[in-house]
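Peer 1: Let me give you the structure first, and then I'll get to my questions.
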Amino acid sequence: MIPTDQHTTQPAADKPVIGIFGGTFDPIHLGHVQCALQVHQQCPLEHIRLMPCHLPPHRATPGVSAQQRADMVQLAIANHPQLQLETLELHQHRPSYTAISLQQLQQQYPKHKLAFIMGMDAFNNFTHWHRWQDILHCADVIVCQRPQYTKISDASLALLASHQITKASQLQQSQSGQILILDNPLHPISATELRQQLVSQRTRPAGLQQSVWNYIQQHQLYKNSD
Ligand code: ATP
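Written out as structure tokens, the structure reads:
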């Protein structure tokens, strides 16, 4: 059994909510963008900040810099003012720990509440994240459905038993500690598959936006398999 978080939800402070969507975005794809737009449509969030994580050199895709991952995010969200780039983790020289980043963002946005957004694959692993309890102390969590990850892990089910909310409007009713599983359309796209396709493919893979594809071609990215 997983340790039960002793957290109790704090009273609503009537603060606007900012969504934080963390990821490697290597590269950003339509699955990411469509999920973020869907979250914004279904949930009372002021805006959503896409936060590319720091990648240590041994985990980074050869030839693709942190700045290039961020440039691609910027291009992908250019037509969606409700989505913004968050560069907090990008140029750090240590692993990105979401709990620490959220605490920093809380200080940066004291007049807002935070909701951290993740896909079901990430949520299934959530109780293995560094200081995951602290994440629930400073934010709500919104989980997007993802194809092939329809089964929720036992540990995450146990967490839902004490933290799940079923209505998006409840995100405004407490300071943190709630988990919402979104009922969103599924997008069968993954960055791993895209990177594999990009090694040899000369036409734009369906899961990539045109602007991101143009950037990848211009900078000759993802030509070596990782
Ligand atoms: P990789 O295949 O390399 O693991 P990825 O496609 O999962 O990459 P990430 O940048 O690691 O992309 O994902 C960032 C966040 O977006 C994670 O929380 C992940 O669960 C979520 N996510 C990514 N793709 C999808 C998708 N197609 N549908 C729903 N959520 C997604």
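So the sequence shown is numbered by this note's numbering: it starts at 69 and just counts up by one. By construction, the Cβ of each residue, glycine as well, lies at the ideal position given by its N, Cα and C atoms. These figures come from a predicted structure and were not determined experimentally.
With distances taken from CA atoms, which of HIS161, LEU156 and ARG162 is nearest GLN171?
Peer 2: LEU156
Peer 1: What is the residue span of the alpha helix (DSSP H) that ALA24 lies within?
Peer 2: Lying before the first or after the last residue shown, residue 24 is absent from the chain, which here runs from 69 to 294.
Peer 1: Note down, one range per segment and in chain order, each alpha helix (DSSP H) of at least 4 residues found wholly within the stretch 133-192.
Peer 2: 134-144, 166-176 and 188-191, all fully within the stretch 133-192.
Peer 1: Who pairs with PHE89 in a beta bridge, going by DSSP?
Peer 2: LEU118 and ILE185
Peer 1: Quick check: the Cα distance between ALA104 and PHE89, rounded to an integer number of angstroms?
Peer 2: 8 Å
Peer 1: If you drop the 5 nearest sequence neighbours on each side, which residues of the same chain put their C-beta closer than 7 Å to that of PHE191?
Peer 2: VAL211 and SER224
Peer 1: Three Cβ pairs or more, each shorter than 8 Å: is that satisfied between the stretch 248-268 and the stretch 232-240?
Peer 2: The answer is yes - the stretch 232-240 touches the stretch 248-268, with three or more Cβ pairs under 8 Å.
Peer 1: Leaving out five residues on either side along the sequence, give the residues of the same chain with a beta carbon under 8 Å from the beta carbon of HIS161.
Peer 2: HIS122
Peer 1: Indicate, with yes or no, if ligand 1 has a heavy atom lying under 8 Å from the CB of ASP208.
Peer 2: no
Peer 1: Thinking MET186 and VAL209 are a contact (beta carbons under 8 Å), I'd like their distance in whole angstroms, please.
Peer 2: Yes, MET186 and VAL209 are in contact; Cβ-Cβ is about 7 Å, under 8 Å.
Peer 1: Please confirm whether any heavy atom of ligand 1 lies closer than 8 Å to the CB of ILE185.
Peer 2: Yes, the beta carbon of ILE185 sits closer than 8 Å to at least one heavy atom of ligand 1.
Peer 1: Please classify ASP208: does DSSP put it in a helix, a strand, or coil?
Peer 2: strand
Peer 1: Pick from ASN193, ASN147, HIS198 and LEU151: whose alpha carbon is nearest that of SER169?
Peer 2: HIS198
Peer 1: Identify whether SER242 lies in helix, strand or coil by the three-state DSSP scheme.
Peer 2: strand
Peer 1: What residue range is occupied by the uninterrupted beta strand (DSSP E) comprising ILE249?
Peer 2: That run of the beta strand (DSSP E) goes 247-249.
Peer 1: I'd like to confirm the pairing. Which residues does DSSP put opposite ILE257 in its beta bridges?
Peer 2: ILE257 pairs with nothing; no bridge assigned.
Peer 1: Quick check on the burial criterion: 16 or more other C-beta atoms within 10 angstroms. Buried or exposed for GLN277?
Peer 2: buried
Peer 1: Determine the extent of the alpha helix (DSSP H) in which ASP222 is found, giving its start and end residues.
Peer 2: 222-231
Peer 1: Closest by CA to ALA259, which one among GLU154, GLY275, GLN142 and SER242?
Peer 2: GLY275
Peer 1: Answer yes or no: do ILE145 and LEU153 have a C-beta to C-beta separation smaller than 9 Å?
Peer 2: yes
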